[in-house]
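In terms of the working numbering, the sequence shown opens at residue 113 and continues consecutively.
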Amino acid sequence: MIGIGAGDPEQVTVQAVRALNRVDVFFVLDKGDVKRELVDLRQEILDRYVEGREYRVAVGRDPDRDRASGAYAEAVADWRRRRADVCAGLIAEHLADGETGAFLVWGDPALYDSTLAILDDLRERGALDAEVEVVPGISSVSALAARHGTVLNRVGRPVQITTGRRLAERWPDDADDVVVMLDARDAFAGLGGDVEIFWGAYLGMPDEILISGRLPDVAAQIAEARAEARRRKGWIMDTYLLRRSAPAAD
Ligand SMILES: C[S@@+](CC[C@H](N)C(=O)[O-])C[C@H]1O[C@@H](n2cnc3c(N)ncnc32)[C@H](O)[C@@H]1O
113 MIGIGAGDPE QVTVQAVRAL NRVDVFFVLD KGDVKRELVD LRQEILDRYV
163 EGREYRVAVG RDPDRDRASG AYAEAVADWR RRRADVCAGL IAEHLADGET
213 GAFLVWGDPA LYDSTLAILD DLRERGALDA EVEVVPGISS VSALAARHGT
263 VLNRVGRPVQ ITTGRRLAER WPDDADDVVV MLDARDAFAG LGGDVEIFWG
313 AYLGMPDEIL ISGRLPDVAA QIAEARAEAR RRKGWIMDTY LLRRSAPAAD
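Next up, the structure:
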């Protein structure tokens, strides 16, 4: 499992480049035309960094998740199972005994990514008998903080990483600094209080957009930028840090 950073080919680490150069087969889950750009970026990384080595690319169709289902956890579990089936098929068909296969994982494999869980699942089912090595990558969270030139936490304070879905339910307990990922619904828009936002879309990519400021001042601008980008490109990936002022005393 090789973390490839969140969109900027320059953020592929030296360790990842070394790992790329040991691989016989790269497994790619294609998400259809809309996210063609993300598959293309993986190919660009291979073109740039793999030197003088023959490799194969095995592409499988990433199954769609049932987004209409009200039962979120079940829908995700079912989707993971179907993804695991696709991966098992790719490995069985394309990887010979003794060869090295790799999944190129967006950002860092340790953050909101199911590939490791899928490999665990395959091992449990007896569909995979291999050593798994993980190469960390630069996550979109690191990229966000760097592009805004800020830190995620204040001195001695916690920072919480959560999803738009959870933030829409309520502000997390015991954290004044919150990083939000996977937000399909402008969860920041409904927040009150004295909050600053550091927002980034398509971080590290040519379409990168950065907006920051006091939430009441920039919320509408961010919502508009998201809607416009989604219309133009057909998909969006964005992450933001929310910083509530006056941390509660311990
Ligand atoms: C399934 S998670 C994968 C996270 C990834 N493993 C990482 O380390 O960044 C996808 C979410 O990551 C965030 N994300 C990934 N790449 C991004 C980018 N280039 N710009 C902004 N957000 C990004 C978005 O919140 C997106 O909804």
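Glycine residues also receive a C-beta, built at the ideal position from the N, C-alpha and C atoms.
Listed in chain order, the beta strand (DSSP E) runs fully inside the stretch 155-227 are 168-173 and 213-217, counting runs of at least 3 residues.
For D329, there is no enclosing beta strand (DSSP E); the enclosing alpha helix (DSSP H) covers residues L327 to K345. Taking 9 Å as the cut-off, the Cβ atoms of L279 and F310 do not count as close. Distances from the alpha-carbon of Y161 to those of R338, R134, L141 and D286 put R134 closest.
For L141, the enclosing beta strand (DSSP E) has its first and last residue at V137 to D142. Within a 10 Å sphere around the beta-carbon of V263 sit fewer than 16 other beta-carbons, which makes this residue exposed. For W191, the distance from the CB to the nearest heavy atom of ligand 1 is not below 8 Å.
The continuous alpha helix (DSSP H) containing L279 extends over residues G276 to E281.
According to DSSP, residue pairing for Y352 in a beta bridge involves V292 and W311. With a 10 Å radius around the Cβ and a threshold of 16 neighbouring Cβ atoms, V267 comes out exposed.
Around the beta-carbon of S252, 16 or more other beta-carbon atoms lie within 10 Å, marking it buried. G172 and L234 have their C-alpha atoms roughly 16 Å apart.
Closest by C-alpha distance to V217, out of D286, L207 and L228, is L228.
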